[in-house]
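To keep things clear, I will list the structure first and then write my remarks on it.
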Amino acid sequence: MNFYTSMKKKAVYVLVAGILAISAASLIPNNVVATTAIASVDAHQKAYQTLMSFYKPSLKGQFPNFHNFTIGSTSHKTVINTIGKAYSPATDADGFDVYHAEMGHPGYAINYKLDKIREMRYLGTNVERQTNLGGISTRMLIQHWGAPKDSVLIKSGEMVQKKITYIRGNYKLEFIFNGTCGTGLDHVNLVKKNG
Numbered sequence: 020m021n022f023y024t025s026m027k028k029k030a031v032y033v034l035v036a037g038i039l040a041i042s043a044a045s046l047i048p049n050n051v052v053a054t055t056a057i058a059s060v061d062a063h064q065k066a067y068q069t070l071m072s073f074y075k076p077s078l079k080g081q082f083p084n085f086h087n088f089t090i091g092s093t094s095h096k097t098v099i100n101t102i103g104k105a106y107s108p109a110t111d112a113d114g115f116d117v118y119h120a121e122m123g124h125p126g127y128a129i130n131y132k133l134d135k136i137r138e139m140r141y142l143g144t145n146v147e148r149q150t151n152l153g154g155i156s157t158r159m160l161i162q163h164w165g166a167p168k169d170s171v172l173i174k175s176g177e178m179v180q181k182k183i184t185y186i187r188g189n190y191k192l193e194f195i196f197n198g199t200c201g202t203g204l205d206h207v208n209l210v211k212k213n214g
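Last residue of the sequence shown: 214 (the working numbering), numbering continuous.
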């Protein structure tokens, strides 16, 4: 009799353990979906914050959090003294000194004319790009900034890019998207409006 009672108890334990295991397993996908949804919302929010961070500084010819470097007034020497020499220096007058993105910090490219900054490019971050430039779309841009001053396609060989331009005071802020679908923001240019 004890043998059968013992077997019944084991059977009940196995059955209960199986039910608990199945119940726990059914919860995992819901948690994964919830975590993914939260991460997606967080990435979207961070991309929005990145977009909005350009709004006011661009009126002064500056990028956000970039040492107050200003189009037309900051010298090449000041840039080098502040952030060092570029990892990829310009090779001609139309070239850019490129400062690569590192450790979550964005990359930049700077072009000079007569020793003053003529154009700056914000290249974004390489890690978690969707929380930075990669999460900014033309839809987000127009939704929060309104209609652009200009929108053109740029073709270079096989590559097609879409340039969306906003006038910010005496400056132009140009959002350069890879392709024509309005996603995949590659970089942001800042130049003088009449320059």
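Positions of the beta carbon are idealized from the N, C-alpha and C atoms, including for glycine.
Nothing here was measured: the structure is a model prediction, and the numbers come from that model.
In the DSSP assignment, residue 128 forms a beta bridge with 117 and 140.
For residue 159, the enclosing alpha helix (DSSP H) has its first and last residue at 157-164. Counting every other CB atom within 10 Å of its CB across the protein chains shown gives residue 98 a total of 16 or more, marking it as buried.
A direct Cα-to-Cα measurement between residue 146 and residue 133 gives close to 34 Å.
Contact between residue 154 and residue 66 is confirmed by a C-beta separation of about 3 Å, below the 8 Å threshold. Take the alpha-carbon of residue 173 and the one of residue 181: they are about 6 Å apart. Sixteen is the threshold: when 16 or more other Cβ atoms of the shown chains lie within 10 Å of the Cβ of residue 210, as they do, the residue is buried.
Per the coordinates, the alpha-carbon of residue 120 lies some 20 Å from the alpha-carbon of residue 136. Within its own chain, no residue has a Cβ closer than 6 Å to the Cβ of residue 114 once the five positions on either side in sequence are excluded.
Burial check for residue 166: the Cβ neighbour count within 10 Å stays below 16, so the residue is exposed.
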